[in-house]
Amino acid sequence: MKGSVVITGASSGIGEACAIYLDKLGYQVFAGVRREADAEALKCKALKKTIPIILDVTDEASIKTAVKMVQLSLGSHGLTGLVNNAGIVSTGPLEFLPISELRKQLEVNVIGQIAVTQAFLPLLRKSSTGRIINMGSDSGKVCSPLLGPYCASKFALEALTDVLRMELQPWEINVSIIEPGAVTTPIWGKSIEQVDKIWESFPDQAKKLYLPTLEAVRKTANKIGQKGISAEEVAKVVSQALAVKRPKARYVVGMDAKINILLAKIMPERVLDKLISLYLGLPKNAERQNSST
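In structure tokens:
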């Protein structure tokens, strides 16, 4: 057996792909899911070395129970890796976004990642090759309209990854972040459904001001989602970060992510803003046009 890995958010998408791929490579996988139904679904995939565990990254009691289960299974052995993958996407214009949605986004994508990391660090220290891999995004380097909460969470995760990498260096626990671009997973379909749901609760003024932006972003998002890389491609990179002697601090996955991150490095902010607006087909002077009618 290559080692043991805890993966959060393993019920679908990248997390599920990581569980399946690492299981095939011979890792003992503890696949964190939020619901019993998701645990049963994983069991039906006939994975040889995967143990589904109930793990809600926003629930302290759930995290503690998961740690105890992993510890009991490992016995005197340490934990080889922790893949912080659990995440959600909250969307909508920041001007009218319910603060509860922003809190929810940060609770899952930022605070939850640290809560899980804190809980599993004692087990990671017991391993001679402890690794922490955070699932970031190119949205942690380049922002997009209506994705403010999500981008904020991924920017924060970039900083937390850097700090953890430095703080855990004395124990030789390597910390990396994966920065994929568009990936064909259910999360983006769910985000579109969510923005539609929130949109209905917005005041008429919000709909009047931001409808053109919403329609433009939705149209482009659907196209991007269809051209995304597979979740398995991301899982392969995660396996590399777990296995190599000296893992990179950052792994950029997907040509779109590489281009986006490069442009963010070399372009002035205002120029990049215009480029993104053109790419998304955003309306010009939308607020002035709407407010004058």
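For my numbering, add 6 to where a residue sits in the sequence shown, where the first one is 1. Even for Gly, the Cβ is constructed at its ideal location relative to N, Cα and C.
Count the other CB atoms, across all protein chains shown, that sit within 10 Å of the CB of Thr299; report buried if there are 16 or more and exposed otherwise.
Counted from its first residue, the sequence shown places residue 299 at position 293. Reliability fails at Thr299, whose pLDDT of 40 lies under 50, so the model's placement of it is uncertain and the value that follows must be treated cautiously. Exposed, since its Cβ has fewer than 16 Cβ neighbours within 10 Å.
With a CB to CB cut of under 6 Å and the five nearest residues on each side skipped, what residues in its chain are close to Pro253?
For the purposes of this step, residue 253 is taken as residue 247 along the sequence shown, with counting starting at 1. Excluding sequence neighbours, Pro253 sits near Asn180, Ser182, Ala247.
Report all residues from its chain with a CB closer than 6 Å to the CB of Ala222; omit the five preceding and five following residues, and keep chain order.
Locating residue 222 in the sequence shown gives position 216, counting from the first residue. Result list for Ala222: Leu286, Gly287, Leu288, in chain order.
Could you check whether Leu61 and Ala72 sit closer than 9 Å to each other, using their CB atoms as the reference points?
As a working mapping, residue 72 is identified with position 66 in the sequence shown. As a working mapping, residue 61 is identified with position 55 in the sequence shown. Against a cut-off of 9 Å, the Cβ pair of Leu61 and Ala72 comes out as a contact.
State the CB to CB distance for the pair Val76 and Thr14, rounded to an integer number of angstroms; the pair is presumed to be in contact (CB under 8 Å).
One-based indexing of the sequence shown puts residue 76 at position 70. One-based indexing of the sequence shown puts residue 14 at position 8. So it is not a contact: roughly 12 Å between Cβ atoms.
So, with DSSP's three-state summary, where would you put Leu220?
To locate residue 220, count along the sequence shown from 1; it is residue 214. Note: Leu220 maps to helix in three-state DSSP.
Looking only at its own chain, which residues have a Cβ that is under 8 Å from the Cβ of Thr219, when we skip the five neighbours before and after it?
Numbered from its first residue, the sequence shown carries residue 219 at position 213. So the qualifying residues of the chain are Pro99, Pro151, Leu152, Leu288, Pro289, Ala292.
Measuring alpha carbon to alpha carbon, tell me which residue in Ser159, Asn115, Gly154, Leu88 is nearest Ala125.
Against the sequence shown, residue 125 aligns to sequence position 119. The option with the nearest alpha carbon to Ala125 is Leu88.
What is the DSSP secondary structure of Pro274, reduced to helix, strand or coil?
If you number the sequence shown from 1, residue 274 lands on position 268. Pro274 falls in the coil class under three-state DSSP.
According to DSSP, simplified to helix, strand and coil, what is Gly154?
Within the sequence shown, numbered from 1, the residue matching residue 154 stands at position 148. Residue state, collapsed to three classes: helix.
Sort Lys233, Tyr156, Glu22, Pro128 by Cα distance to His83 and report the nearest one.
Start at 1 with the first residue of the sequence shown, and residue 83 comes out as number 77. Of the candidates Lys233, Tyr156, Glu22, Pro128, the one whose C-alpha sits nearest the C-alpha of His83 is Pro128.
Measuring CA to CA, which of Glu199, Val35, Ala249 is closest to Lys54?
Translated into positions along the sequence shown, residue 54 becomes position 48. Looking at the Cα atoms, Val35 is the closest of the given residues.
Which of helix, strand or coil does DSSP assign to Asn91?
On the sequence shown, position 85 is the one that residue 91 refers to. It is coil, neither helix nor strand.
Could you tell me whether the Cβ atoms of Leu85 and Leu130 are closer together than 9 Å?
Counted from its first residue, the sequence shown places residue 85 at position 79. Counted from its first residue, the sequence shown places residue 130 at position 124. In contact: Leu85 and Leu130 (Cβ atoms closer than 9 Å).
For Gly32, does the three-state DSSP call read helix, strand or coil?
Locating residue 32 in the sequence shown gives position 26, where the first residue counts as 1. DSSP places Gly32 in coil when its eight states are reduced to three.
On the CB-based measure, 16 or more other CB atoms within 10 Å of its CB, does Ser96 come out buried or exposed?
Locating residue 96 in the sequence shown gives position 90, counting from the first residue. Buried, because 16 or more other Cβ atoms sit within 10 Å of the Cβ of Ser96.
Spatial neighbours of Trp177 within its chain, please: CB distance less than 6 Å, with the 5 preceding and 5 following residues excluded, ordered by chain position.
As a working note, residue 177 is residue 171 in the sequence shown. Same-chain partners within the cutoff: Arg131.
Near Lys147, what residues of its chain come up, given a Cβ to Cβ distance below 6 Å and the 5 sequence neighbours on each side ignored?
Sequence index remark: in the sequence shown, residue 147 carries index 141 (1-based). Here the set comprises Ile267, Ala270.
Would you kindly check if the distance between the Cβ of Phe102 and the Cβ of Tyr257 is under 9 Å?
By 1-based counting over the sequence shown, the position of residue 257 is 251. By 1-based counting over the sequence shown, the position of residue 102 is 96. Contact: no.
Output yes or no for whether 9 Å exceeds the beta carbon distance between Ile138 and Leu112.
Residue mapping note: residue 138 aligns to position 132 of the sequence shown, counting from 1. Residue mapping note: residue 112 aligns to position 106 of the sequence shown, counting from 1. Contact flag unset, no.
For Thr56, which residues does DSSP report across the bridge?
As a working mapping, residue 56 is identified with position 50 in the sequence shown. DSSP output for Thr56 lists Val35 as bridge partner(s).
For the beta strand (DSSP E) holding Ser182, just list the boundary residues, first then last.
As a working note, residue 182 is residue 176 in the sequence shown. 180-186 is the extent of the beta strand (DSSP E) around Ser182.
Would you tell me roughly how many angstroms separate the C-alpha atoms of Leu48 and Glu42, rounded to the nearest one?
Translated into the one-based positions of the sequence shown, residue 48 becomes position 42. Translated into the one-based positions of the sequence shown, residue 42 becomes position 36. Using only the alpha carbons, I get a separation of about 10 Å.
Residues in its own chain within less than 6 Å of Asn115 by CB, not counting five upstream and five downstream?
As a first step, residue 115 must be located in the sequence shown, where it is residue number 109. Result list for Asn115: Gly93, Ser159, in chain order.
Residue ranges of each alpha helix (DSSP H) run of no fewer than 4 residues wholly in the segment 93-171, ordered along the chain?
Whole alpha helix (DSSP H) segments, 4+ residues: 105-112, 118-131.
Does the distance from the C-beta atom of Leu78 to that of Gln119 stay below 9 Å?
Sequence index remark: in the sequence shown, residue 78 carries index 72 (1-based). Sequence index remark: in the sequence shown, residue 119 carries index 113 (1-based). Against a cut-off of 9 Å, the Cβ pair of Gln119 and Leu78 comes out as no contact.
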